[in-house]
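Q: Okay, handing you the structure first.
Number of protein chains: 2
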Amino acid sequence: MPSSYPTRELCEFLARFTLSDVPPHVVERTKDLFLDWIASALAGKDAPAIRRLQEFAVAMGPQQGPSEVLVDRRRTSPWFAALVNAAASHVVEQDDVHNGSVLHPAAVVFPAVLAAAQAEGKSGAQLLTAAIAGYEAGIRIGEFMGRSHYRVFHTTGTVGTLAAAAAVAKLYGLDAEGINQALGSAGTQAAGLWEFLRDAADSKQLHTAKAAADGLMSAHLARAGFTGARRILEGAQGMAAGMSSDADPARLTDGLGTRWATAETSFKFFASCRHTHPAADALKALMQRERLDPEQIASVTAHVHQGAIDVLGPVVDPVTIHQAKFSMGTVLGLVAWHGHAGLGEFEQHGLRDARVAAFRDKVTMALDAEINAAYPRQWIGRVTVATTDGRTLEARVDVPKGDPDNTLSRPELEAKALQLAAFRQGASEAEMRTIIARVWALEHTESMADWLPAAA
Amino acid sequence: MPSSYPTRELCEFLARFTLSDVPPHVVERTKDLFLDWIASALAGKDAPAIRRLQEFAVAMGPQQGPSEVLVDRRRTSPWFAALVNAAASHVVEQDDVHNGSVLHPAAVVFPAVLAAAQAEGKSGAQLLTAAIAGYEAGIRIGEFMGRSHYRVFHTTGTVGTLAAAAAVAKLYGLDAEGINQALGSAGTQAAGLWEFLRDAADSKQLHTAKAAADGLMSAHLARAGFTGARRILEGAQGMAAGMSSDADPARLTDGLGTRWATAETSFKFFASCRHTHPAADALKALMQRERLDPEQIASVTAHVHQGAIDVLGPVVDPVTIHQAKFSMGTVLGLVAWHGHAGLGEFEQHGLRDARVAAFRDKVTMALDAEINAAYPRQWIGRVTVATTDGRTLEARVDVPKGDPDNTLSRPELEAKALQLAAFRQGASEAEMRTIIARVWALEHTESMADWLPAAA
Numbered sequence: 001m002p003s004s005y006p007t008r009e010l011c012e013f014l015a016r017f018t019l020s021d022v023p024p025h026v027v028e029r030t031k032d033l034f035l036d037w038i039a040s041a042l043a044g045k046d047a048p049a050i051r052r053l054q055e056f057a058v059a060m061g062p063q064q065g066p067s068e069v070l071v072d073r074r075r076t077s078p079w080f081a082a083l084v085n086a087a088a089s090h091v092v093e094q095d096d097v098h099n100g101s102v103l104h105p106a107a108v109v110f111p112a113v114l115a116a117a118q119a120e121g122k123s124g125a126q127l128l129t130a131a132i133a134g135y136e137a138g139i140r141i142g143e144f145m146g147r148s149h150y151r152v153f154h155t156t157g158t159v160g161t162l163a164a165a166a167a168v169a170k171l172y173g174l175d176a177e178g179i180n181q182a183l184g185s186a187g188t189q190a191a192g193l194w195e196f197l198r199d200a201a202d203s204k205q206l207h208t209a210k211a212a213a214d215g216l217m218s219a220h221l222a223r224a225g226f227t228g229a230r231r232i233l234e235g236a237q238g239m240a241a242g243m244s245s246d247a248d249p250a251r252l253t254d255g256l257g258t259r260w261a262t263a264e265t266s267f268k269f270f271a272s273c274r275h276t277h278p279a280a281d282a283l284k285a286l287m288q289r290e291r292l293d294p295e296q297i298a299s300v301t302a303h304v305h306q307g308a309i310d311v312l313g314p315v316v317d318p319v320t321i322h323q324a325k326f327s328m329g330t331v332l333g334l335v336a337w338h339g340h341a342g343l344g345e346f347e348q349h350g351l352r353d354a355r356v357a358a359f360r361d362k363v364t365m366a367l368d369a370e371i372n373a374a375y376p377r378q379w380i381g382r383v384t385v386a387t388t389d390g391r392t393l394e395a396r397v398d399v400p401k402g403d404p405d406n407t408l409s410r411p412e413l414e415a416k417a418l419q420l421a422a423f424r425q426g427a428s429e430a431e432m433r434t435i436i437a438r439v440w441a442l443e444h445t446e447s448m449a450d451w452l453p454a455a456a
Numbered sequence: 001m002p003s004s005y006p007t008r009e010l011c012e013f014l015a016r017f018t019l020s021d022v023p024p025h026v027v028e029r030t031k032d033l034f035l036d037w038i039a040s041a042l043a044g045k046d047a048p049a050i051r052r053l054q055e056f057a058v059a060m061g062p063q064q065g066p067s068e069v070l071v072d073r074r075r076t077s078p079w080f081a082a083l084v085n086a087a088a089s090h091v092v093e094q095d096d097v098h099n100g101s102v103l104h105p106a107a108v109v110f111p112a113v114l115a116a117a118q119a120e121g122k123s124g125a126q127l128l129t130a131a132i133a134g135y136e137a138g139i140r141i142g143e144f145m146g147r148s149h150y151r152v153f154h155t156t157g158t159v160g161t162l163a164a165a166a167a168v169a170k171l172y173g174l175d176a177e178g179i180n181q182a183l184g185s186a187g188t189q190a191a192g193l194w195e196f197l198r199d200a201a202d203s204k205q206l207h208t209a210k211a212a213a214d215g216l217m218s219a220h221l222a223r224a225g226f227t228g229a230r231r232i233l234e235g236a237q238g239m240a241a242g243m244s245s246d247a248d249p250a251r252l253t254d255g256l257g258t259r260w261a262t263a264e265t266s267f268k269f270f271a272s273c274r275h276t277h278p279a280a281d282a283l284k285a286l287m288q289r290e291r292l293d294p295e296q297i298a299s300v301t302a303h304v305h306q307g308a309i310d311v312l313g314p315v316v317d318p319v320t321i322h323q324a325k326f327s328m329g330t331v332l333g334l335v336a337w338h339g340h341a342g343l344g345e346f347e348q349h350g351l352r353d354a355r356v357a358a359f360r361d362k363v364t365m366a367l368d369a370e371i372n373a374a375y376p377r378q379w380i381g382r383v384t385v386a387t388t389d390g391r392t393l394e395a396r397v398d399v400p401k402g403d404p405d406n407t408l409s410r411p412e413l414e415a416k417a418l419q420l421a422a423f424r425q426g427a428s429e430a431e432m433r434t435i436i437a438r439v440w441a442l443e444h445t446e447s448m449a450d451w452l453p454a455a456a
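Structure below.
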């Protein structure tokens, strides 16, 4: 295929590769990502936005089916299971992120492939292969759409639809043409705008919900012969033409078969928007290094890339815990006063702690040319702190905690998973330990149909 | 509310007006539009793309419910009924269009309100009021998004999601805040790209399907308290920011309560893309005036607006009947050789008639400055014909057949409805005559729950 048709080259690769082509460390990392995703989905239990989507699934979907909704262990059709699980996994802001594409792949890929794999009785190896296809496609498409796209569009909503479609199309065993058709139907459904940030609205979960479900729908339709635009990405009236001004077609085929972008994905250590993490790491390091107490801090400047300003800038006075996760000042306040900005810190202190609120007003963001130039490949954290006794201190973190070069170990991932499961009793400790063991042995699972531990 | 927040002004109006505020001729016209829509939906029966969506509804949706799928008379939940009915009503290209917004309101508004009204046992008057809310909102939002949007985006897919959401939110009796929330969730799901035209792909029906179903979903979620961005249209990271370069906020509130845009909607006389109709009318008039036979025509230049070139230009060599409906040459060839480009002409001669295919190659489109300046307010048709004996003839039609100033009479609408019902035996003549009588009495219907004639 000529490079004038990079979408097709991508589809040829997605159709061709098998799990034996994937380096073992990438397969292992995919299992890490899957565990991290399950735990994130369980932690979404009882969130109001998720309850509304559960009720929608009951009102509009079948009352039984092959696919499980993790937060309530109901079974329904794959479309609704994907919908609710995707929303649930994106609500506590602990799900993974890929730096270069600024995509949250887990929240859109795994709900779609798990729901479809349960319905089709696919194996653990098939699920892993399909998930890798989703990550490889989604990450490259996100990079292709560029930074201009992310300024207005929530890439996980838009590009996530295609990532989910690619994953399920691979699970179904579609050929390159079939995957291409699935991407066509997915791309023409791709949506998601950042405007909700200003209102602390529930759209972020709606975006992952619809991306996963509509991606699954696109693959389902493609398998049945329903067609879509083949050049949905690069065509004259395709996604890039409509929603990007700096699209780079070369990214779509970057290192196919040699670069495994799945393994570049970062885990979240803090329970907040990833754009807050580099500065949070830097502030934490600075306070430890200088043995600084929070009351000694007069002001903090977080030096950031433009993407952080686009996404965090609209959040001035957070009114919900979810919105507080997009407030740089709140995150730094939690780190300063409570040492961490995890699930528990947000619950207890994210909105109601006057010291955190006062700290928030001491924080400003400033666009930094070097950091902005390195982004999105590298997410550098740098803070300047003015102390109450007149000193100016600075710290910098080049690789924030959770990035591939500073990743979470399996014990750390297991601890995080147990914590997320316990957060709203999404699963008991025994259930979560069973899930952990099953994920580590996933490639040997014959069928995903009844893979989850039976509901208590 | 200040004009800096026109979306809210629009929502206030939508929440406030009652059917008694609507001029009687607008109510009557809405009934015309509803009948025209039902007939269009029935004509979608057996189309392959519609069958795939029916199968999807069976695979993913409940096997029973309050809302009917018109083409197979199955009952399911409102989401799936809206999905299939919306797709079905847009496949034979006989559904209505509003000139100024270049929106097909019926195909997105009626499937959503009918499915929801059946589920909620709403009255005929409530359905009409809700449909008018959908038309008034959708048309203004389409005009707001402007011509730049339509160049890449299929407005009926994008804006259609908000039109359907407004309609169902009105049906539910939501207040201005609730309608605003519904629009927020709808706008962040709004999608639909023209790229499918090049491949004769099935996306056009997917667009109306998803717009109607997702709009319904947005209203359903808003009623339950699920929130969306309030300034989804005009906000800094809203729809206009992402998908338009000539958005005009004044259009959102244009003549609220005095201008009833619903009644500006045009009916389709030809069974093809509306952009072909003005030229088809002009060619028909020219051939009648000059008593010209098709073999006397050496070439035709159709003078058009830019929108016609954007949408029809990609279709060079149509391979499906649906794609032929977007081929200016095919439409003019049918008019020239068969006197009409209706459903039957497309079926019998749209692809397989060598004379029509030969005529197609004699047709070119040319951008016309005056026509382009009048568009989209006015859709002027002008053709220049070169005859085989060396003459140059010209004809112009300022108001194409079906526009409000040249509309279809009730007898013409009834005849069209009977023809569409008979096309694939979507309904028997007796059933369709019952439907016609019920539509004309719609405002007196107490409940839409079992409004359709019982399945044969």
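Same order as they appear, the protein sequences are chains A and B. UniProt numbering numbers the first residue of the first sequence as 1 and each following residue consecutively. UniProt numbering numbers the first residue of the second sequence as 1 and each following residue consecutively. From the three backbone atoms N, C-alpha and C, an ideal C-beta is built for every residue, glycine too.
Which residues share a DSSP beta bridge with Ser266(A)?
A: BP columns for Ser266(A) point to Val97(A).
Q: State the Cα-Cα distance for the pair residue 458(B) and Asp353(A), rounded to the nearest angstrom.
A: This structure cannot speak to residue 458(B), because chain B is shown only from 1 to 456.
Q: What does Val152(B) touch in chain A if you count any residue whose Cβ is under 7 Å from its own?
A: Gln237, Ala241, Gly242
Q: I'd like to confirm the pairing. Which residues does DSSP put opposite Phe153(A) in its beta bridges?
A: Bridge partners of Phe153(A): Leu193(A).
Q: Give me the chain B residues within the contact set of Thr227(A), using Cβ-Cβ distance strictly less than 7 Å, ordered along the chain.
A: Asp199, Ala201, Asp202
Q: Who are the Cβ neighbours of Gln323(A) in its own chain at under 7 Å, not counting the five residues just before and after it?
A: Around Gln323(A): Ala200, Val315.
Q: Ends of the beta strand (DSSP E) at Glu218(A)?
A: Sequence inspection shows Ser at residue 218(A); the Glu mentioned does not correspond to that position. Under the DSSP assignment, Ser218(A) falls outside any beta strand (DSSP E), being part of the alpha helix (DSSP H) whose first and last residues are 203-223.
Q: To the nearest angstrom, how far is it from the Cα of Gly146(B) to the Cα of His154(B)?
A: 12 Å
Q: Name, please, each residue of chain A whose Cβ falls closer than 7 Å to the Cβ of Arg438(B).
A: In chain order: nothing, as chain A lies at least about 27 Å away.
Q: Taking the straight line between their C-alpha atoms, what separation do you get for Leu312(B) and Val69(A)?
A: 44 Å
Q: Given a limit of 8 Å on CB to CB distance, which residues of the stretch 29-57 of chain B reach chain A?
A: Listed by position, the residues of the stretch 29-57 of chain B near chain A (Cβ gap below 8 Å) are Pro48, Ala49, Arg52, Leu53, Glu55, Phe56.
Q: Would you say Ala449(B) faces chain A, with C-beta separation under 7 Å as the test?
A: no
Q: Would you call Arg8(A) buried or exposed, if buried means 16 or more other Cβ atoms sit within 10 Å of its Cβ?
A: Looking at its Cβ environment, which holds 16 or more other Cβ atoms inside 10 Å, Arg8(A) is buried.
Q: When the Cα atoms are used, what is the spatial distance from Glu177(A) to Asp361(A)?
A: 54 Å
Q: According to DSSP, simplified to helix, strand and coil, what is Ser4(A)?
A: coil
Q: Return the chain-ordered list of same chain residues with a C-beta closer than 6 Å to the C-beta of His305(A), the five sequence neighbours on each side being excluded.
A: Ile371, Asn372, Tyr375
Q: Are the beta-carbon atoms of Ser67(B) and Ala81(B) separated by less than 7 Å?
A: Cβ atoms of Ser67(B) and Ala81(B): closer than 7 Å.
Q: How big is the Cα-Cα spacing for Phe144(B) and Ala236(A)?
A: 23 Å
Q: If I follow the unbroken beta strand (DSSP E) through Ile297(B), where does it start and stop?
A: 297-304
Q: Given this structure, state the Cα-to-Cα distance separating Ala112(A) from Phe346(A), to the nearest angstrom.
A: Counting only the Cα atoms, Phe346(A) lies some 29 Å from Ala112(A).
Q: Go through its chain and collect everything with a Cβ distance to Lys122(A)'s Cβ below 8 Å, but skip five positions before and after it.
A: The residues are Ala116, Ala130, Leu171, Ser447, Met448.
Q: For the candidate residues Phe267(B), Val58(B), Thr320(B), whose alpha-carbon lies nearest to that of Gly402(B)?
A: Phe267(B)
Q: Does the beta-carbon distance from Pro62(A) to Pro78(B) come in below 7 Å?
A: Not closer than 7 Å, so no.
Q: Could you run through the stretch 170-198 of chain A and flag, in chain order, every residue whose CB is less than 9 Å away from some CB of chain B?
A: So the list reads Gln181, Gly184, Ser185, Gly187, Thr188, Gln189, Ala190, Ala191, Gly192, Leu193, Trp194, Glu195, Phe196, Leu197, Arg198, given in the order they occur along the chain.
Q: Runs of 3 residues minimum, wholly inside the stretch 289-373 of chain B: which ones carry the beta strand (DSSP E) assignment?
A: Along the length of the stretch 289-373 of chain B, whole beta strand (DSSP E) runs at least 3 residues long occupy 297-304, 363-367, reported in chain order.
Q: Going along chain C in order, which residues have a C-beta closer than 7 Å to the C-beta of Lys122(B)?
A: The question asks about chain C, but that chain is absent: this structure's protein chains are A and B.
Q: Taking Glu290(B) as the reference, which of Gly187(B), Leu35(B), Thr392(B) has the closest Cα?
A: Proximity to Glu290(B) across Gly187(B), Leu35(B), Thr392(B) peaks at Thr392(B), based on C-alpha coordinates.
Q: Where Gln189(A) and Ala182(B) are concerned, what is the direct C-alpha to C-alpha distance, given to the nearest angstrom?
A: 18 Å
Q: Terminal residues of the continuous alpha helix (DSSP H) containing Ala117(A)?
A: 106-120
Q: Hey, is Arg424(A)'s beta-carbon within less than 7 Å of any beta-carbon in chain B?
A: no
Q: By how many angstroms is the C-alpha of Ala43(A) removed from the C-alpha of Val385(A)?
A: 34 Å
Q: Determine, using beta carbons only, whether Ile141(A) and Glu195(B) come nearer to each other than 7 Å.
A: no
Q: Give me the Cα-Cα distance between Ala298(A) and Thr387(A), rounded to the nearest whole angstrom.
A: Here the alpha carbons of Thr387(A) and Ala298(A) stand approximately 5 Å from one another.
Q: Mapping DSSP to helix, strand and coil, what is Arg148(B)?
A: Sequence check: residue 148(B) is Ser here, not Arg. Three-state DSSP puts Ser148(B) in a helix.
Q: Shorter than 7 Å from the beta carbon of Lys325(A) to some beta carbon of chain B?
A: no
Q: Mind listing the chain B neighbours of Ser77(A)? Cutoff is C-beta to C-beta under 8 Å, in chain order.
A: Ala59, Met60, Gly61
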